[in-house]
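Working notes, beginning with the structure itself.
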Amino acid sequence: GENVEQHPSTLSVQEGDSAVIKCTYSDSASNYFPWYKQELGKRPQLIIDIRSNVGEKKDQRIAVTLNKTAKHFSLHITETQPEDSAVYFCAATPREGGADGLTFGKGTHLIIQP
Amino acid sequence: DTAVSQTPKYLVTQMGNDKSIKCEQNLGHDTMYWYKQDSKKFLKIMFSYNNKELIINETVPNRFSPKSPDKAHLNLHINSLELGDSAVYFCASSQQGLTGGYTFGSGTRLTVV
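Same order as they appear, the protein sequences are chains A and B.
Under our numbering, the residue at position 56 of the first sequence is numbered 56, and the numbers go up by one with no gaps.
One rule links them: number in our numbering = place in the second sequence (from 1) + 1000.
Here it is in structure tokens:
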């Protein structure tokens, strides 16, 4: 089955700086890679996703890059703000919406220092 | 309107009891899931189910069983609860081929005492 590794487990950055979270996956059949943000006591919420036919996707301050050859993908957050503080999860699945479900990384606790 | 709703939000029960958590989605999605989030925040899939197949994560004890009365509902039954079952359980749903990915419910915090 799929295995997703995520680093770092904790990331502390100054407000206004950039944050980068990296993930690797093992199953070459995986073709859908979402990122979720989970605030304390809340549900995971999708913030951005990328499919295997795309190398990069951007949505305002958030961007995701994918290297299929190397089997890794990254989340980039620019101009970080206090409300970006949360736990971020990467995930992978071979079939978007399919019964395989998502395999998650272990999460990154992002702390934005004022 | 809540897209994926779970009840109850909190559940405190004694070891050995049997309990159920209910989940409903109004998104018209084909597939529903149960995920377990442990104390270290690790999210792990337990089951996925659509009208054609049930996929069970092999690490899930058979004390856990999903029940789906229809496409919009996937309930989780747990028999003979153990201390180690304490966690947050999330229901989720998805539709193959559509954008928006997987939508999660608000979670049920289960505490076994």
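Every residue, glycine too, gets a C-beta built ideally from N, C-alpha and C.
Note that the structure is a prediction, hence the values are computed from the model and not measured.
Test item: CB-CB of residue i and residue j under 8 Å
i                         : j                          : result
histidine 109 of chain A  : valine 87 of chain A       : yes
serine 74 of chain A      : lysine 37 of chain A       : no
threonine 1108 of chain B : lysine 1040 of chain B     : no
tyrosine 1033 of chain B  : alanine 1087 of chain B    : no
leucine 1083 of chain B   : methionine 1015 of chain B : yes
threonine 1031 of chain B : serine 1048 of chain B     : yes
threonine 1013 of chain B : lysine 1019 of chain B     : yes
threonine 103 of chain A  : glutamate 15 of chain A    : no
Where residue i sits in the DSSP three-state scheme
i                          : result
glutamate 83 of chain A    : helix
leucine 1027 of chain B    : coil
aspartate 59 of chain A    : strand
leucine 1083 of chain B    : helix
methionine 1046 of chain B : strand
methionine 1015 of chain B : coil
valine 64 of chain A       : strand
aspartate 17 of chain A    : coil
proline 1066 of chain B    : strand
tyrosine 1089 of chain B   : strand
Local Cβ density within 10 Å of residue i, reported as buried at 16 or more and exposed below that
i                          : result
asparagine 1050 of chain B : buried
glutamate 83 of chain A    : exposed
glutamate 56 of chain A    : exposed
asparagine 1026 of chain B : exposed
leucine 1054 of chain B    : exposed
Strand pairing of residue i, partner residues [DSSP]
i                       : result
leucine 110 of chain A  : A/Leu11, A/Ala86
glutamate 5 of chain A  : A/Thr24
glutamine 45 of chain A : A/Lys37
Next item on the list: For the segment 1010-1044 of chain B, enumerate the residues whose C-beta is nearer than 9 Å to any C-beta of chain A, in chain order.
Entry: His1029, Asp1030, Thr1031, Tyr1033, Tyr1035, Gln1037, Lys1040, Lys1041, Phe1042, Leu1043, Lys1044
Note to self: To be precise: take each residue of the segment 41-62 of chain A, compare its Cβ to all Cβ atoms of chain B, and keep it if any distance is under 9 Å. Which residues remain?
What the structure shows: Gly41, Lys42, Arg43, Pro44, Gln45, Leu46, Asp49
Next item on the list: Would you list, in chain order, the members of the segment 1058-1089 of chain B that have their beta-carbon closer than 8 Å to a beta-carbon of chain A?
Entry: none
Next item on the list: Return the residues of the segment 4-17 of chain A that lie within a Cβ-Cβ distance of less than 9 Å from chain B, sorted by chain order.
Entry: none
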